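Residue numbers (UniProt numbering): 1 to 520.
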């Protein structure tokens, strides 16, 4: 398995809390590289050193001629310079991990990084922390700020143990060629491309000129203060004041025009093996497009679909925090099985369009070409922002997300030759680029001609292979309930496999365990 794999993923933390020792953290490397300096990238760091120590303790190294090498377990093949797991974990953090990619700045994705960073040695150079500009701004202003935690970065007179790398949303067109265009170097053997996704709503909005977050309605974002109707949103005061829009399409339409709420920005990282061209996607926390204030997932699926059709996209790591017993208004910016399956149906439909362009065509799909003004590979029209609102009720009952595209500006920030580039020059952009998408236009006349109206699997029932055959979907960020009953992941996995079989997707679902090594 390991010999044929392009990637190795080590799951340090597979959950979304409330236990602090297993929250989100992944290590990813290309199998074309040996364990060496800068050969691993960490994606999120809710758990980092503690997860590495625990994983090393699961397997004992083999000693030979004064050297210690891991002969089994996730770190198989790694030469260990020290005797103890904790000392070897420190070595891995300092030397082997080249950068930490952060999907969004919530504590369950950052706590380990904050606690672990003081052990870095300034003589080795700063550790790169790569993220969207809004995420970097949140980390800089609200964590490493000499109040919540010391300023350990190399900005604003800090200690210089970390360096911020601001990623260009959607990919940096200055880098890469062909299929790798827009990708930047993540570590030795791996390239990365970042797309913004939505993790719900809040009252904080990123202001690119100041590089800080402000409460919407402040003098920075001058606007009339509107009362938020209690029926329009559900408030969770325990999770960074995230708001989950209610199910009604009419209420969703009113929220989309409400200046008092803003999207919580998260990320989806496309990671590409530089040797084979194979890819995986790692999502941060994400909500379904069907109930989102600013639906953005379809952009990810449109980029992923030709890769699935070509067989180069091998796996997706994506959250599914709750089972289907949780209603939409209590998801708070997360997914459950019915919504994840609905999202994967959108991906499957797009894959079938690439494999067999005539499969999903019909009276409802009249548009066959792409406007000259649209980006290549992103098939959407102004009408694609409008969901089939008359079908929303029955679609939701079936766990089906309307086929809605986000209205995303394709304007790209200008390059600045005076950028401070740090150690990963191709990750940085001096001019932060907020992903401010246009509000969703939600109509109530149901005249969407871009269809298909519903993805029930009948469109590809006779496809060989099924649209997502060969794709592995790994479920992370499951919320633990800490009861005497079975783990929540058991029910989530059962529901996903049942829904997936009914939908005829063809992908395989897995719930990885803490400390598990996955070869892809």
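Quick reminder that beta carbons are idealized off the backbone N, C-alpha and C, glycines included. Here the structure is a predicted model, which means the values were calculated and not measured.
Check, Outcome
"Taking Cβ positions, are residue 188 and residue 98 nearer each other than 8 Å?", "yes"
"Tell me which residues share the same chain as residue 58 and place their Cβ nearer than 7 Å to its Cβ, disregarding the 5 neighbours each side in the sequence.", "73, 515"
"Any idea what DSSP makes of residue 36, helix, strand or coil?", "coil"
"Looking only at C-alpha atoms, which of 102, 54, 26, 144 sits nearest to residue 118?", "144"
"Along the chain, which unbroken stretches of the alpha helix (DSSP H) at least 4 residues long are found entirely within the stretch 75 to 103?", "85 to 91"
"Figure out for me which residue from 484, 322, 139, 191 has the closest Cα to the Cα of residue 493.", "322"
"Go ahead and pull the three-state DSSP assignment for residue 299.", "helix"
"What separation, rounded to the nearest whole angstrom, lies between the Cα atoms of residue 314 and residue 499?", "21 Å"
"Grab the span of the alpha helix (DSSP H) containing residue 147 for me, first residue to last.", "Residue 147 -> no alpha helix (DSSP H), and no H or E assigned at all."
"Here's the rule: buried if 16 or more other CB atoms are within 10 angstroms of the residue's CB, otherwise exposed. What is residue 204?", "buried"
"For the stretch 177 to 194 against the stretch 149 to 158, are there 3 or more C-beta pairs whose distance is under 8 Å?", "no"
"What is the DSSP secondary structure of residue 401, reduced to helix, strand or coil?", "Reliability fails at residue 401, whose pLDDT of 40 lies under 50, so the model's placement of it is uncertain and no value is given."
"Note down the Cα distance separating residue 70 from residue 63, rounded to an integer number of angstroms.", "9 Å"
"Select from 290, 27, 197 the residue whose C-alpha is nearest the C-alpha of residue 13.", "27"
"Using DSSP with H/G/I as helix, E/B as strand and the rest coil, what is residue 9?", "strand"
"CB-CB under 7 Å to residue 277, same chain, minus the five flanking residues each way: which ones, in chain order?", "179, 312"
"Taking all protein chains shown into account, do 16 or more other C-beta atoms lie within 10 angstroms of the C-beta of residue 502, making it buried, or fewer, making it exposed?", "exposed"
"For residue 39, tell me which candidate among 18, 11, 95, 45 has the shortest Cα-Cα distance.", "95"
"List the endpoints of the continuous beta strand (DSSP E) containing residue 27.", "25 to 30"
"Three or more beta-carbon pairs under 8 Å between the stretch 260 to 269 and the stretch 192 to 207, yes or no?", "yes"
"Which stretch, first to last residue, makes up the alpha helix (DSSP H) that contains residue 346?", "337 to 355"
"Can you tell me whether residue 50 is buried or exposed, with buried defined as 16 or more other CB within 10 angstroms of its CB?", "buried"
"State yes or no: is the C-beta of residue 331 nearer than 7 Å to some heavy atom of the ligand SAH?", "Among the components of this structure there are no ligands whatsoever, and the ligand SAH is therefore not found."
"Distance check for residue 518 and residue 82, CA to CA, integer angstroms please.", "25 Å"
"Helix, strand or coil: which one does DSSP assign to residue 121?", "coil"
"Since residue 182 sits in a beta bridge, which residues does DSSP pair it with?", "172"
"Helix, strand or coil: which one does DSSP assign to residue 200?", "strand"
"Check whether the stretch 478 to 496 and the stretch 280 to 295 touch, using three or more Cβ-Cβ pairs below 8 Å as the test.", "no"
"Please work out which residues of its chain come closer than 8 Å, Cβ to Cβ, to residue 465, disregarding the five sequence neighbours upstream and downstream, and give them in chain order.", "506"
"Compare the Cα-Cα distances from residue 289 to each of 324, 339, 325, 319 and report the closest residue.", "339"
"Where does residue 196 land, buried or exposed, given buried means 16+ other C-beta within 10 angstroms?", "buried"
"Taking 8 Å as the cut-off, decide whether the C-beta atoms of residue 495 and residue 473 are in contact.", "no"
"Which same chain residues, not among the five before or five after residue 489, have their C-beta less than 8 Å away from its C-beta?", "475, 478, 511"
"Check residue 268 in the structure and name its three-state DSSP category.", "strand"
"According to DSSP, is residue 483 helix, strand or coil?", "coil"
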